[in-house]
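**Student:** Sharing a structure, written as structure tokens. Questions coming.
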């Protein structure tokens, strides 16, 4: 997380779905050209974007 942004690695084929989910939650999904990653507002519910979050081990 950087400056209230949660960076996630979303495949190009799934970008529209990410944007739709974020919009439905009242959030934004934005492409960061410099980092070449999508980011969403950090306060989005993690279960909405869980498939794009890095796994936490095990």
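In this note's numbering, the protein residues as written are 62 to 119. Just so it is clear, CB atoms sit at the ideal spot from N, CA and C, and this is done for glycine as well.
So, using beta-carbon positions, are residue 70 and residue 98 closer together than 8 Å?
**Tutor:** Reading the chain shown from its first residue, position 9 is the one you call residue 70. Reading the chain shown from its first residue, position 37 is the one you call residue 98. Yes, the pair counts as a contact, with Cβ atoms nearer than the cut-off.
**Student:** My parser needs the beta strand (DSSP E) runs of 3 or more residues fully inside the region 73-118; what are they?
**Tutor:** 90-93, 98-102
**Student:** Can you tell which of 91, 116, 107, 65 has its C-alpha closest to the C-alpha of residue 77?
**Tutor:** Here residue 77 is taken as the residue at index 16 of the chain shown, counted from 1. Of the candidates 91, 116, 107, 65, the one whose C-alpha sits nearest the C-alpha of residue 77 is 91.
**Student:** Are residue 105 and residue 80 closer than 8 Å when you measure CB to CB?
**Tutor:** What you label residue 105 is simply residue 44 of the chain shown in a count that begins at 1. What you label residue 80 is simply residue 19 of the chain shown in a count that begins at 1. Taking 8 Å as the Cβ cut-off, residue 105 and residue 80 do not qualify as a contacting pair.
**Student:** Alpha carbon to alpha carbon, how far is residue 64 from residue 75? Give it in angstroms, no decimals.
**Tutor:** Position 14 of the chain shown, counted from the first residue, corresponds to residue 75. Position 3 of the chain shown, counted from the first residue, corresponds to residue 64. Going by the C-alpha atoms only, they are around 24 Å apart.
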